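Position 22 of the sequence shown, counted from 1, bears residue number 195 in the working numbering, the numbering being contiguous throughout. These notes concern the structure reproduced below.
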Amino acid sequence: MSVQVTAIYPGSFDPITNGHLDIIDRARNIFSRVIVAVLLNLGKEPLFTTKERIRMLKQVTSHWKNVQIDTFEGLLVDYAMQKKATVILRGIRAMTDFDYEFQMALMNRRMQPSIETVFMVPAETYSYLSSSLVKEVFSLGGTVNGLVPALVEKELKRKMRSSGSSYRRDRQRKQL
Ligand code: PNS
174 MSVQVTAIYP
184 GSFDPITNGH
194 LDIIDRARNI
204 FSRVIVAVLL
214 NLGKEPLFTT
224 KERIRMLKQV
234 TSHWKNVQID
244 TFEGLLVDYA
254 MQKKATVILR
264 GIRAMTDFDY
274 EFQMALMNRR
284 MQPSIETVFM
294 VPAETYSYLS
304 SSLVKEVFSL
314 GGTVNGLVPA
324 LVEKELKRKM
334 RSSGSSYRRD
344 RQRKQL
C-alpha cells in the first residue's frame with residue numbers, strides 16, 4: 174500500500190532512460206501520486222523539444238495510473254507547493270551525483286522546509302546510465318538497446334536522421 178503523498182520527480186528527461194523509468198516504477202509503489210515534472214527553458218540546448226519529451230514520457234508511463242507528466246518553470250519548490258507535493262524525488266546513481274544533489278536538497282529545504290527530498294537508487298544495471306551518455310553513444314553509432322525504452326530508441330533514430338549530422342558535428346566539436 175502506498176502512502177498518501179504526492180512526490181515530484183523533476184528533471185530534463187532529454188530523453189527518458191530506463192534508469193528514470195526504474196525510479197518512477199519504484200516510486201509509484203511507495204507514493205500515492207508521482208508527478209514527473211519536465212523543466213522548461215533548459216539552459217542547455219536539448220536534443221528533444223519539450224513537446225517530444227512530454228510525448229515520450231506519457232507514452233512510456235501511460236499504464237501507471239498514479240503517474241502524471243507535467244512541465245514546470247521557475248523554482249522547483251514553488252511548483253511543488255502549488256501541486257501540494259511534500260516530496261521531491263531524485264535518483265542517485267553513484268557518489269559523483271551526491272555533491273550536486275546534496276546542495277540542491279539543502280537549498281530547496283532552506284527555501285521550503287516543509288518539502289523533503291527523497292533519494293532513490295536505480296537497479297544496478299542502470300547505475301552508469303545518463304541521458305547525456307545515451308545521446309553521445311547513439312550519435313557516434315553505438316547501441317543503446319536496453320538502456321532506453323524501444324520508443325525512445327526509435328525517436329533517437331528519427332531525430333538523428335533529421336538533424337543527425339549537425340548534432341554529431343556539435344558533439345564532436347565539444348569533445349575537442
Ligand atoms: O535532470 P536534471 O537536469 O539534473 O534536473 C535538474 C533540476 C530540474 C531538478 C533542477 O535544475 C531544478 O530543480 N531546476 C529548477 C530551478 C530551481 O528550483 N533551482 C534551484 C534548485 S536548488
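We put the CB at the ideal spot given by N, CA and C, even for glycine. In this text, all values refer to a predicted model and were calculated from it rather than measured experimentally.
Item, Value
"Closer than 8 Å: N281 CB and nearest the ligand PNS heavy atom", "yes"
"Closest by C-alpha distance to S303, when choosing among A180, Q177, V176, D187", "D187"
"Same chain, Cβ closer than 7 Å to A296, neighbours up to 5 away in sequence not counted", "D195"
"Unbroken stretches of the alpha helix (DSSP H), 4 residues or longer, contained in the region 215-262", "223-234, 249-255"
"For M293, the nearest candidate out of R331, I261, D243, D272 (CA to CA)", "I261"
"Alpha carbon of I265 to alpha carbon of F271, nearest angstrom", "7 Å"
"Bounding residues of the alpha helix (DSSP H) (the contiguous stretch that carries Q276)", "268-284"
"Segment contact, 8 Å Cβ cut-off, at least three pairs: the region 309-328 with the region 276-290", "no"
"Y182 - partner residues in DSSP beta bridges", "V209"
"For T223 and A258, the rounded distance between their alpha carbons", "22 Å"
"Cβ-based burial, G192 [other Cβ within 10 Å; buried from 16]", "buried"
"As assigned by DSSP and simplified to three states, the class of V307", "helix"
"L329 and T190 closer than 9 Å at C-beta", "no"
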